[in-house]
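Every letter in the sequence shown is one number past the one before it in the UniProt record's numbering, and letter 88, counting from 1, is 88.
What follows is one structure encoded as structure tokens, with my remarks underneath.
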Amino acid sequence: MSVMKGRNQRHLTAFILLVLAQESMHGGAIHTTLREKLPNFNTDTGAIYRCLQELEKDQAVKSSWHTEESGPARKVYEISETGLTELDEWKKDIETRLENLQFFLREYEAFTEKRHSLQRQKER
């Protein structure tokens, strides 16, 4: 089993909701914003649009078509009250996961220190 499998999209919904809570925008702009702000973001735009479709179906986001003076119409998304509630739930979930991950890192660090100490003793 690969540790990296599915890693990139695990919290995609939360990140999209967070971006839309700050500003309404179209899917391509959401992708660009996440790529610029997240250090290890490499999800394709297709995943963004699939997630937006699900969020719209769940009424967490609303959309409208915006026509610019030039170029095609763009579907612009904005977060709804349902989406804001979901964003609050994501925050709680991520805080819990962060506590668990911090526990893992502390325990792993203690384990590796002990392992290295034992290896040094064997080398003497």
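Every residue gets a Cβ at the ideal spot worked out from N, C-alpha and C, and that includes glycine.
- In this structure, the alpha-carbon of residue 24 lies about 20 Å from that of residue 41.
- Apart from sequence neighbours up to five positions away, the residues of its chain that approach residue 14 with a beta-carbon distance below 6 Å are 90, ordered along the chain.
- Below 8 Å, enough C-beta pairs join the segment 55–65 and the segment 81–98 to call them touching: three or more.
- Taken atom to atom, the span from the alpha-carbon of residue 106 to that of residue 100 is near 10 Å.
- The distance from the Cβ of residue 45 to that of residue 28 is about 6 Å, consistent with a contact at the 8 Å cut-off.
- Scanning the UniProt domain "Transcription regulator PadR N-terminal" (16–88) from its first residue to its last, the whole alpha helix (DSSP H) runs of 4-plus residues come out as 27–37, 45–57.
- Residue environment analysis places residue 33 among the buried positions, since at least 16 neighbouring C-beta atoms fall within 10 angstroms of its C-beta.
- In this structure, residue 77 and residue 20 form a Cβ contact; the two beta carbons are roughly 6 Å apart against a cut-off of 8 Å.
- Here DSSP, grouped into helix, strand and coil, assigns residue 10 to coil.
- Our two residues, residue 103 and residue 92, have alpha carbons roughly 17 Å apart in a direct line.
- Residue 26 places its beta carbon 8 Å or farther from that of residue 97.
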